[in-house]
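Colleague:
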């Protein structure tokens, strides 16, 4: 037979075998598990996401205040609402009304408040929708995630909530959070990483403590905690006594105090006895000193007795400090002067002198003790990462923080 003909037949045979072989190889590749980064849910802290309101009020506190609006508008953060006189309108809209009978809060008459953007990140990237720098919060971190291959609203989602309330009044939020985590698990083929900041860690802990261990083992890859106030924050006593403008210069502390007192989450963040000494004096005045055993008297003396009821309602929510039952990473700032105790010459309506300790400028270093205790109380790994010189908000954009997140997510 002609040698050329043999060569052609051999080539045809090889070609005929090559196509099925390539198909088999492609199918084999599809059968292999796709290596993905884990989906991420971001849980913001106190004041850490936008709020919107719609008005139909029977009366207003000033003739300049809007009585009725046709649609929802930004209640937090909108710097235009914090101007003199107008701020009185804002406080009257954003405050909560505590009902001593039901032991729950409600919105003022004619005010409806909602949380925009659950499942999205915009509500916590910038607190002010105009995207002014003063309202920048999770933006830098989210941009980093996007640079690593994440997609806003896809495998990277936000879980904003009404931060004025403590967890016991936000039941629907936790149902939505659980459903979103399960949905992300199904969509992206693996468990979720929870990244929380500040009071968002307390919310996340409350949530995890109430999930079955089997559910957590299946759906939660890790919990990354940034600046967590596990044992409460000393500066909360100043907030309740004389107000704190949260570094927003156009707001006077006494002016904002009514709103801060009305938020149940404020009293929830008072120092706890599982972290702080019973003997530590947080507030000194010419006539009295206040430790964590003196909260009832403290609330009486500042003229806010509802605060004591709020504390009783919320103190037990995470008081036992049951471990979260998942892999935990605790990142905490140090080396920043942090309010530790307060000296009032005129109590409570004048600004105090502040004695500083260590921490991140907001959360005291004592809170790290809780993560250390959990290392011995749960099987899942608990890691601690100090962030020297990292301030409470700035830690979200800290290079060490972002590098740590990337290592956890991509197992570098």
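Numbering (this note's numbering), first residue to last: 719 to 1130.
We treat Cβ as the ideally placed atom computed from N, Cα and C, and that holds for glycine.
Keeping to the same chain, check which residues put their C-beta closer than 7 Å to that of residue 937; ignore five residues upstream and five downstream.
Modeller: Within the chain shown, residue 937 is the residue found at index 219, counting from 1. Contacts found: 899, 900, 903, 909 and 910.
Colleague: Is it buried or exposed for residue 1050, if we count other Cβ within 10 angstroms and need 16 for buried?
Modeller: Looking up residue 1050 in the chain shown gives position 332. Under this definition residue 1050 is a buried residue.
Colleague: How many angstroms separate the CA atom of residue 1029 from the CA atom of residue 867?
Modeller: Here residue 1029 corresponds to residue number 311 of the chain shown, with the count starting at 1. Here residue 867 corresponds to residue number 149 of the chain shown, with the count starting at 1. Computed Cα separation, rounded: 43 Å.
Colleague: I need the straight-line Cα distance from residue 1075 to residue 1055, nearest angstrom please.
Modeller: Residue 1075 sits at position 357 when you count from the first residue of the chain shown. Residue 1055 sits at position 337 when you count from the first residue of the chain shown. Their backbone Cα atoms lie some 6 Å apart in a straight line.
Colleague: Whose C-alpha, out of 1004, 1116 and 774, is nearest the C-alpha of residue 827?
Modeller: As a first step, residue 827 must be located in the chain shown, where it is residue number 109. Minimum Cα distance to residue 827 is reached at 774.
Colleague: Since I believe residue 1040 is in contact with residue 929 (beta carbons under 8 Å), could you give me their beta-carbon distance rounded to a whole number of angstroms?
Modeller: As a position in the chain shown, residue 929 is number 211, starting the count at 1. As a position in the chain shown, residue 1040 is number 322, starting the count at 1. About 12 Å; that fails the 8 Å criterion.
Colleague: Could you check what DSSP says for residue 834 in three-state terms: helix, strand or coil?
Modeller: As a working mapping, residue 834 is identified with position 116 in the chain shown. Note: residue 834 maps to coil in three-state DSSP.
Colleague: Going by DSSP, what residue range makes up the alpha helix (DSSP H) through residue 773?
Modeller: Position 55 of the chain shown, counted from the start, is the residue given in the question as residue 773. It is not in any alpha helix (DSSP H) - residue 773 instead sits in the beta strand (DSSP E) that spans 769 to 773.
Colleague: Helix, strand or coil, according to DSSP, for residue 854 in the structure here?
Modeller: What you label residue 854 is simply residue 136 of the chain shown in a count that begins at 1. Correct three-state label for residue 854: strand.
Colleague: Does DSSP put residue 870 in a helix, in a strand, or in coil?
Modeller: On the chain shown, residue 870 is found 152 positions in, with the first residue counted as 1. Of the three classes helix, strand and coil, the one that applies to residue 870 here is strand, per DSSP.
Colleague: Does residue 1046 come out as helix, strand or coil in the three-state DSSP assignment?
Modeller: Here residue 1046 refers to the residue found at position 328 when the chain shown is read from its first residue. In this structure, residue 1046 counts as strand in the three-state DSSP scheme.
Colleague: Provide the residue span of the alpha helix (DSSP H) that contains residue 807, from first to last.
Modeller: Reading the chain shown from its first residue, position 89 is the one you call residue 807. 804 to 812 is the span of the alpha helix (DSSP H), which, as asked, contains residue 807.
Colleague: Please name the residue, chosen from 1006, 801, 763 and 1033, that lies closest to residue 919 on a Cα-to-Cα basis.
Modeller: Residue 919 sits at position 201 when you count from the first residue of the chain shown. When each option's Cα is compared against that of residue 919, the closest is 763.
Colleague: Compare the C-alpha of residue 871 against each of 840, 971 and 891 and name the closest.
Modeller: Residue mapping note: residue 871 aligns to position 153 of the chain shown, counting from 1. Per the Cα distances, 840.
Colleague: Tell me whether residue 974 sits in a helix, a strand or coil according to DSSP, three-state version.
Modeller: Along the chain shown, one-based indexing puts residue 974 at 256. The answer is helix: DSSP assigns residue 974 an H, G or I state.
Colleague: From this set, 833, 820, 1016 and 1063, which residue's C-alpha is nearest residue 954's C-alpha?
Modeller: The residue given as residue 954 occupies position 236 in the chain shown. When each option's Cα is compared against that of residue 954, the closest is 1016.
Colleague: Straight-line CA distance for residue 859 to residue 1052?
Modeller: Within the chain shown, residue 859 is the residue found at index 141, counting from 1. Within the chain shown, residue 1052 is the residue found at index 334, counting from 1. Straight-line Cα distance between these residues: approximately 20 Å.
Colleague: Which of the three DSSP states is assigned to residue 887 in this structure?
Modeller: Locating residue 887 in the chain shown gives position 169, counting from the first residue. Residue state, collapsed to three classes: helix.
Colleague: Roughly how many angstroms separate the alpha carbons of residue 759 and residue 1063, rounded to a whole number?
Modeller: Here residue 759 corresponds to residue number 41 of the chain shown, with the count starting at 1. Here residue 1063 corresponds to residue number 345 of the chain shown, with the count starting at 1. If you take the alpha carbons of residue 759 and residue 1063, they lie about 45 Å apart.
Colleague: Considering Cα atoms alone, identify which of 1032, 1100, 1108 and 875 is closest to residue 1042.
Modeller: One-based indexing of the chain shown puts residue 1042 at position 324. For the residues 1032, 1100, 1108 and 875, the minimum Cα distance to residue 1042 belongs to 1100.
Colleague: Report the CB separation of residue 777 from residue 830 in whole angstroms; it is logged as a contact under 8 Å.
Modeller: Position 59 of the chain shown, counted from the first residue, corresponds to residue 777. Position 112 of the chain shown, counted from the first residue, corresponds to residue 830. Their Cβ separation, rounded to whole angstroms, is 16 Å, which puts residue 777 and residue 830 out of contact at 8 Å.
Colleague: With residue 1073 as the anchor, note down where its beta strand (DSSP E) starts and where it stops.
Modeller: As a position in the chain shown, residue 1073 is number 355, starting the count at 1. Unbroken beta strand (DSSP E) run through residue 1073: 1071 to 1075.
Colleague: Could you give the distance in angstroms between the alpha-carbon of residue 951 and the alpha-carbon of residue 962?
Modeller: Looking up residue 951 in the chain shown gives position 233. Looking up residue 962 in the chain shown gives position 244. Cα to Cα, residue 951 sits roughly 13 Å from residue 962.
Colleague: Excluding five sequence neighbours on each side, which residues of the same chain lie with their C-beta closer than 7 Å to the C-beta of residue 956?
Modeller: Along the chain shown, one-based indexing puts residue 956 at 238. For residue 956, where only same-chain residues beyond five positions count, the Cβ hits under 7 Å are 962, 1057, 1060 and 1070.
Colleague: Please report the straight-line C-alpha distance between residue 921 and residue 1093, rounded to a whole angstrom.
Modeller: On the chain shown, position 203 is the one that residue 921 refers to. On the chain shown, position 375 is the one that residue 1093 refers to. One C-alpha to the other measures close to 20 Å.
Colleague: My output table needs one value for residue 1097: the three-state DSSP class, helix, strand or coil.
Modeller: As a working mapping, residue 1097 is identified with position 379 in the chain shown. Coil, per DSSP.
Colleague: Measuring CB to CB, does residue 875 end up less than 8 Å from residue 907?
Modeller: Locating residue 875 in the chain shown gives position 157, counting from the first residue. Locating residue 907 in the chain shown gives position 189, counting from the first residue. No, the pair does not count as a contact, with Cβ atoms beyond the cut-off.
Colleague: Helix, strand or coil: how does DSSP classify residue 942 here?
Modeller: For the purposes of this step, residue 942 is identified with residue 224 of the chain shown, where counting begins at 1. The answer is strand: DSSP assigns residue 942 an E or B state.
Colleague: Identify whether residue 935 lies in helix, strand or coil by the three-state DSSP scheme.
Modeller: Position 217 of the chain shown, counting from 1, holds the residue named residue 935. The answer is helix: DSSP assigns residue 935 an H, G or I state.
Colleague: From what residue to what residue does the beta strand (DSSP E) around residue 817 run?
Modeller: For the purposes of this step, residue 817 is identified with residue 99 of the chain shown, where counting begins at 1. Its beta strand (DSSP E) spans residues 815 to 817.
Colleague: In the DSSP output, what is residue 1078 paired with across the bridge?
Modeller: Indexing the chain shown from 1 puts residue 1078 at position 360. The partner list for residue 1078 (beta bridge, DSSP) reads 1054.
Colleague: May I ask you to report which of helix, strand or coil DSSP gives residue 740?
Modeller: Position 22 of the chain shown holds residue 740. No answer about residue 740 holds up, because its pLDDT of 45 lies below 50 and its placement is not dependable.
Colleague: By Cβ distance below 6 Å, which residues in the same chain neighbour residue 834 in space, the five residues on each side in sequence not counted?
Modeller: Taking the first residue of the chain shown as position 1, residue 834 is located at position 116. Excluding residues within five positions, the ones whose Cβ falls inside 6 Å are 768, 770 and 841.
Colleague: At a cut of 8 Å, does the stretch 844 to 861 reach the stretch 881 to 898 through at least three beta carbon pairs?
Modeller: Segments in contact, no.
Colleague: Can you list, in chain order, the residues of its chain whose CB lies under 7 Å from that of residue 977, leaving out five sequence neighbours each side?
Modeller: As a working mapping, residue 977 is identified with position 259 in the chain shown. Correct list, in chain order: 809, 812 and 813.
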